[in-house]
Amino acid sequence: MRKQIAAANWKMNLTLQQGEQLLDDILSKPHSLKDNQEAIFAIPAPYLSMAQSKLRNKEHVFVAAQNCYSKKSGAYTGEISVDMLSSLGVQYVVLGHSERREYFNESNSFLADKVNICLENNISPIFCCGEPLDIREANTQNEYVGKQLKESLYHLTEAQIRKIVIAYEPIWAIGTGKTATSEQAQEMHAFIRKNIELVYGASTANSISILYGGSVKAANAVEIFSQTDVDGGLVGGASLIADEFVAIINALK
Ligand code: 13P
Numbered sequence: 007m008r009k010q011i012a013a014a015n016w017k018m019n020l021t022l023q024q025g026e027q028l029l030d031d032i033l034s035k036p037h038s039l040k041d042n043q044e045a046i047f048a049i050p051a052p053y054l055s056m057a058q059s060k061l062r063n064k065e066h067v068f069v070a071a072q073n074c075y076s077k078k079s080g081a082y083t084g085e086i087s088v089d090m091l092s093s094l095g096v097q098y099v100v101l102g103h104s105e106r107r108e109y110f111n112e113s114n115s116f117l118a119d120k121v122n123i124c125l126e127n128n129i130s131p132i133f134c135c136g137e138p139l140d141i142r143e144a145n146t147q148n149e150y151v152g153k154q155l156k157e158s159l160y161h162l163t164e165a166q167i168r169k170i171v172i173a174y175e176p177i178w179a180i181g182t183g184k185t186a187t188s189e190q191a192q193e194m195h196a197f198i199r200k201n202i203e204l205v206y207g208a209s210t211a212n213s214i215s216i217l218y219g220g221s222v223k224a225a226n227a228v229e230i231f232s233q234t235d236v237d238g239g240l241v242g243g244a245s246l247i248a249d250e251f252v253a254i255i256n257a258l259k
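Residue numbering for the sequence shown is 7 to 259, as defined by my numbering.
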């Protein structure tokens, strides 16, 4: 069975003390992660070390960075390298979030470079894709997302792409309280899986976890996660509230 994942994306929120408290609150509440399930916390970079030492020995719980740079090391002031992440034991990194694409001009080809350096260094990208509202309204979302996948991922070998987690996040549903319907999520997730199948075959396509992101909360997680091709969620706002995120973990199938 594919991995089912509840991933928290704290974005640029919380102080160190608030972050520690939130992790403590979440860990103290009953949640049952089965063998095929994971909870991942995408934490602001300054707190990765704190989160890593708190979560290191917890089964099925992992820390992720929210970004990294495409170069191994050097004069890139302010950037975070994969070696830095590896030295902390961080195994996942969120790449290509729409906020990075929009505010920091991250292109599909730049993201391909980041994907490469992560995989070369045994860090699994949680690769985000998803269309803006005008593309959804024009009903060209499949072409748009297909292009994102093609230009950032389809140069990878089969063994490499199996290490990627994909997060489909329609931009019009992020932070808006307006979720895609579970049918819209399923439709796009099935399209993404089919698109991967055309390049890599059914076995690889069926092995890749595809998460939905965009206003996931405790109240809608069970319904969204119940869809055949939805393997969990990448959660912003609701991941900052312990009870909400624990309920989302418990909604995994
Ligand atoms: P919200 O859950 O706040 O809509 O954010 C989704 C998201 O961007 C997760 O990466």
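Every residue, glycine too, gets a C-beta built ideally from N, C-alpha and C. Please read all numbers here as calculations on a predicted model, not as lab measurements.
Helix, strand or coil at residue i [DSSP, three-state]
i: Glu149; result: helix
i: Phe110; result: coil
i: Ile167; result: helix
i: Ala186; result: coil
i: Val236; result: coil
i: Ile230; result: helix
i: Asn15; result: strand
i: Ala173; result: strand
i: Gln23; result: helix
i: Ser59; result: helix
i: Val100; result: strand
i: Ser92; result: helix
i: Val121; result: helix
i: Ala257; result: coil
Chain-order list of residues whose beta-carbon lies under 8 Å from that of residue i (same chain, five-residue window excluded)
i: Phe86; result: A small fix is needed here, since residue 86 is Ile in this sequence, not Phe. So the list reads Ala51, Ala71, Asn73, Cys74, Tyr75, once near-sequence residues are dropped.
i: Asp89; result: Lys78, Ser79, Asn127
Cβ shell of residue i (< 7 Å), same chain only, five flanking positions each side left out
i: Glu157; result: Asn114, Ser115, Ala118
i: Glu112; result: Gly102, Arg106
i: Thr210; result: Glu164, Ile167, Arg168, Ile202
Burial state of residue i, where buried means 16 or more other Cβ atoms lie within 10 Å
i: Gln10; result: buried
i: Glu137; result: buried
i: Ser59; result: exposed
i: Ser93; result: exposed
i: Phe68; result: buried
i: Lys64; result: exposed
i: Gly84; result: exposed
i: Thr21; result: exposed
Own chain, CB closer than 6 Å to residue i, minus 5 neighbours either side, in chain order
i: Gly102; result: Leu117, Phe133, Cys134
Problem set entry | Segment contact flag, the segment 219 to 227 with the segment 239 to 258, C-beta cutoff 8 Å, min 3 pairs | Touching, yes, given that three or more Cβ pairs across the two stretches are closer than 8 Å.
Exercise. Looking at C-beta atoms only, is the number of pairs between the segment 140 to 152 and the segment 197 to 210 that lie closer than 8 Å three or more?
Worked result: At 8 Å Cβ cutoff, the stretches touch.
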